Every structure is written in C-alpha cells, then in structure tokens.
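Engineer:
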Amino acid sequence: MADRGNNLKIIVSALKRLERISQSRRKNLMSVLTFDQQSTSDVCEHCGSAYPVSRGSVYADGTPFALYVAGMYGCEGDSIVVLTIAIARPVGDLPSAIALQVQLTATELQMSIIAPETSPWRNHTYLGRILTREEALSSPVKEVFFRIADLVVTTNSEVNAFLNS
Ligand SMILES: [Zn+2]
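This is the structure we're talking about:
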C-alpha cells in the first residue's frame, strides 16, 4: 500500500512542524478540532479473524497534527474499541501516542488507558512511542489526547455505530 505510506509521511512531517509551535499556540490550535475517517481492517491477534478499523488524521484549524486508529473488536463477546492516538511531542523526532480501551456499558462510556504492549499497533512505528499509563497521565498534552478520544468516540460514524450496536 504505497499510498498509505506516502500519506503517513506527509502526516509525520506535519507533526514535526507542529512540534515547533509553542505550547500556548498549540492551545489556541485546539479551538477547532476536526478529523477525517477511512475504513480498513486488520487481523485479530486473539482469534485470527478480520475486524474493522477506522482511522484518520485530526486537524486543528485545518492543520493535521494527530493520527488515530480505532480497532473494533467483538470477538470476546463485548464490543470493545481499542483507540490509539498519536500526537506531536513537545520535544523529539517522533510523535507519542496513547492507547485506550473504550467500551459502552448500560450506563456510561468507559475509557481506560492500556499498556503499550497491549496495543495492537505497538509495532506501527509511525505512531511513535506509545506511552505507559503513568507517562500518559503526566503528559503535558494529556488533555489533547482525551479531547481527541472524546471526539472520535462520539462523532466517528463507524466507531459510534459499533459501540451502540
Ligand atoms: Zn479476536
């Protein structure tokens, strides 16, 4: 998939540009968050069957600055979304990422940070390094991660339909 590699290169270079923008500017950039979505699929490590994946770029005022990958698993009975979000780090060459497990219970939407080794995309180097739970919680861009997570979970049509099915 040459296109995919090329798209990712463009996104990674945009992430690097964004790293050079100061924290305060970054905060302003958060004012208008949008994203795009693409359907794909991957193979489950548990059961070997294909599961749907929705992924895309996240934009702040039209500038791409983050990526997300949402895998939708139904193989263990419950509908679970594993959502990995990568954004520019304040310093460093590659973005850093967090991996979340998302599940809709009868009463609430549960989101929990999962260990990097549990992410199905731990070997996708374009996502950068996946933070541990402790690192994610103390990250200067923690709020940004969670705003993107809320946005994707509530407004990505595929993810939303899956969680509510
Ligand atoms: Zn499975």
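Each residue of the sequence shown is one higher than the one before, counting from 9 in the working numbering.
C-beta: ideal position from N, C-alpha, C; glycine also.
These figures come from a predicted structure and were not determined experimentally.
1) Along the chain, where does the alpha helix (DSSP H) containing Leu171 start, and where does it finish?
2) Could you work out which residue in Asp50, Gly64, Ser65 is closest to Ala58 when comparing CA atoms only?
3) Compute the beta-carbon to beta-carbon distance between Ala107 and Ile138, rounded to the nearest angstrom, for a pair I have assumed lies under 8 Å.
4) Could you round the C-beta distance between Gln109 and Val90 to whole angstroms and report it? I think they count as a contact, below 8 Å.
5) Does ligand 1 have a heavy atom nearer than 7 Å to the CB of His54?
6) Rounded C-beta distance between Leu112 and Leu75? I'm assuming under 8 Å.
7) Is Arg141 closer than 8 Å to Ala123 when the C-beta atoms are compared?
8) What is the DSSP secondary structure of Ile121, reduced to helix, strand or coil?
9) Hey, how far is the Cα of Ser62 from the Cα of Ile93?
10) Report yes if the C-beta distance between Val149 and Val160 is below 8 Å; otherwise report no.
11) Below 8 Å on the Cβ atoms is my contact criterion, and I expect Tyr67 with Thr42 to pass it. Report the Cβ-Cβ distance as a whole number of Å.
12) Is it right to say Val40 is buried, meaning 16 or more other beta carbons lie within 10 angstroms of its own, or is it exposed?
13) Taking all protein chains shown into account, decide if Ser104 is buried (16 or more other Cβ within 10 angstroms of its Cβ) or exposed.
14) Could you spell out where the alpha helix (DSSP H) holding Leu135 opens and where it closes?
15) Let me know the secondary structure DSSP gives Leu145 once reduced to three states.
16) Over the uninterrupted beta strand (DSSP E) stretch that includes Thr48, give me the two end residues.
17) Leaving out five residues before and five after Trp129 in sequence, what residues of the same chain have Cβ atoms less than 7 Å from its Cβ?
Structural biologist: On the basis of the coordinates in this document:
1) DSSP places Leu171 inside the alpha helix (DSSP H), whose first and last residues are 165-171.
2) Out of Asp50, Gly64, Ser65, Asp50 has the C-alpha closest to the C-alpha of Ala58.
3) Here Ala107 really is in contact with Ile138; their C-beta atoms are around 5 Å apart, less than 8 Å.
4) Yes, they are in contact, since the Cβ atoms of Gln109 and Val90 sit about 6 Å apart, within 8 Å.
5) Yes, the beta carbon of His54 sits closer than 7 Å to at least one heavy atom of ligand 1.
6) Wrong, their Cβ atoms sit about 23 Å apart, outside the cutoff.
7) For the pair Ala123 and Arg141, the CB atoms are nearer than the 8 Å cut-off.
8) Three-state result, Ile121: strand.
9) Distance between the alpha carbons of Ser62 and Ile93: 12 Å.
10) Against a cut-off of 8 Å, the Cβ pair of Val160 and Val149 comes out as no contact.
11) So it is a contact: roughly 5 Å between Cβ atoms.
12) Exposed.
13) Around the Cβ of Ser104, a 10 Å sphere holds 16 or more other Cβ atoms; the residue is buried.
14) First-last for Leu135: undefined, no H or E at that position.
15) In the three-state scheme derived from DSSP, where H, G and I count as helix and E and B as strand, Leu145 is classed as helix.
16) The continuous beta strand (DSSP E) containing Thr48 extends over residues 46-51.
17) Val77, Thr92, Leu135.
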